[in-house]
Every structure is written in structure tokens, then in C-alpha cells.
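Oh and the sequence shown: position 155 is 166 in my numbering, straight run, nothing missing. Even glycine gets a Cβ: it sits at the ideal position worked out from N, Cα and C. Since the structure is predicted, the reported quantities are computational estimates derived from the model, not experimental observations.
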Amino acid sequence: MKHPTLNRAVRPAMLIALTALLTPPAHAADPTDNRLLALLSNQNLAVSADPQVVILGGADAALSRGAWSEEAVAAFTSTYGYQPVALPLTYKLPQQPAKKDQDDEHAKPVEADFNHVPENAIYYVYVNVPESGDIRSVVVPPLEAMLTDDFQTQLTDEGFAVLPEDYLQLWRVQLGLAPARFSGGYL
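Below, the structure written as C-alpha cells:
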């Protein structure tokens with residue numbers, strides 16, 4: 012049985028209530044997580060750091076450092092009848108010492124190399140994207156906006172790696188915005 016997403020006007024209050032109920036008190040919010048959540052929320056996307064909020068329909072997407080547990084994916088799949096779309100987003104770059112020559116305006120952004128960072132350092136966006144319907148038309152445009160140079164620049168400004176072209180293409184294919192370049196592939 013497919014569950015509709017909550018009315019957008021009700022979401023903020025429900026999201027706060029659900030997060031308060033479902034977030035264990037022992038886990039303090041990570042400032043890095045909060046900065047990414049703020050960037051994602053600016054994209055007109057209801058985002059939570061808690062997978063349960065997405066599973067219960069209180070948010071469109073979840074920001075997750077590392078992959079969701081098998082239990083979370085199973086709970087989502089059981090609720091909606093399809094798996095969430097997992098999109099690698101970024102990771103925090105190591106702090107660079109301040110340079111005396113502040114000519115960093117033209118510095119090239121660091122592209123994410125997901126093969127050389129620990130799995131638990133990678134931020135993923137897990138999204139409820141059904142094959143068709145109202146939810147898809149609400150969720151896909153803000154996610155597509157995250158592929159723009161403007162959003163990628165915001166990531167850089169906050170000290171995160173930007174998505175390389177192969178991952179931008181992965182997002183496009185996963186979101187149904189472009190066909191796979193290779194038969195049976197995701198790129």
C-alpha cells in the first residue's frame with residue numbers, strides 16, 4: 012500500500028514532532044550535519060536527518076552520513092513497495108590552513124572521490140521517489156536544482172566536496188531526468 016506524503020502545510024510541525032519522538036536523546040546534532048541540512052532545506056525540500064521521518068511520510072528526503080541500515084531500507088520498502096533512491100552527495104573536506112595569499116576565488120572546487128574516504132564519512136540523500144505521481148513532481152525538481160553549479164558552489168563554500176560529472180549523471184539517471192549512457196547501467 013502506498014502512503015501519500017503529508018500535506019506540505021502540515022509538514023514543519025509534524026517533522027519537528029516526529030524528530031523529537033524518534034531521535035534518541037543520546038545523539039547530539041552534529042554541526043556539519045546541520046549545515047548540510049540547512050543547504051538541503053533551502054532547496055524547497057522537506058529533509059530530515061532521521062530515516063524514520065521519511066519512512067513515516069513526514070519528509071521527502073533524509074540526509075544520512077553513511078548508508079542506511081538494512082532495517083531502515085526494509086522498513087521503507089515495506090511501507091511504500093519500492094526502495095528509496097540513495098544518492099551520494101558529498102563529504103566534509105579536511106580543514107586547509109589559511110593561506111597568506113587569499114587568491115582562492117579562482118581555486119577549483121574539490122570533486123568528491125568516494126573511493127578514498129570511509130563509508131561513514133560520505134553523506135547520502137535518501138529520497139522517496141515513486142515511479143510516477145504527485146510526490147515525484149514535488150521531489151524531483153528540488154533535487155535537480157542540487158545538480159546546478161550554484162548548489163555545488165554552496166557545497167564548496169561550506170567546505171564540502173562537489174559531485175564529479177559521473178555522479179551528476181548518476182543522479183540524473185536515478186531521478187529519471189536522463190537515460191543511462193550504457194545499456195543496463197546507471198551512468
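Opposing strand residues paired with residue i [DSSP bridges]
i    : result
V64  : Beta-bridge pairing links V64 to no other residue.
K119 : According to DSSP, K119 bridges with nothing at all.
F171 : K103
V96  : V138
R76  : Y134
Per-residue DSSP class, three states only, for residue i
i    : result
Y91  : helix
S59  : strand
A39  : In this prediction, A39 has a pLDDT of 41, which is less than 50 and means its spatial position is unreliable; what the coordinates show is noted afterwards. Coil at A39, not helix or strand.
A85  : helix
S194 : coil
N53  : coil
L188 : coil
D71  : coil
D124 : coil
E176 : helix
Beta-carbon spacing of residue i, residue j below 8 angstroms
i    : j    : result
L181 : V173 : no
V138 : L179 : no
L74  : G170 : no
D71  : V184 : no
I66  : A85  : no
E155 : L188 : yes
L56  : P129 : no
Buried versus exposed, by CB contacts within 10 Å (16 or more), residue i
i    : result
Y134 : buried
Q94  : exposed
F162 : buried
F193 : exposed
A123 : buried
S59  : buried
A83  : buried
G69  : buried
A132 : exposed
L186 : buried
D145 : exposed
P62  : buried
T164 : exposed
beta-carbon residue i near the ligand NAP non-hydrogen atom, thresh 7 angstroms
i    : result
V138 : Ligands in the displayed structure: none, and consequently the ligand NAP is not present.
**OP:** Quick one: which unbroken beta strand (DSSP E) runs of 3-plus residues sit fully inside the segment 128 to 174? Chain order, please.
**Re:** 134 to 138
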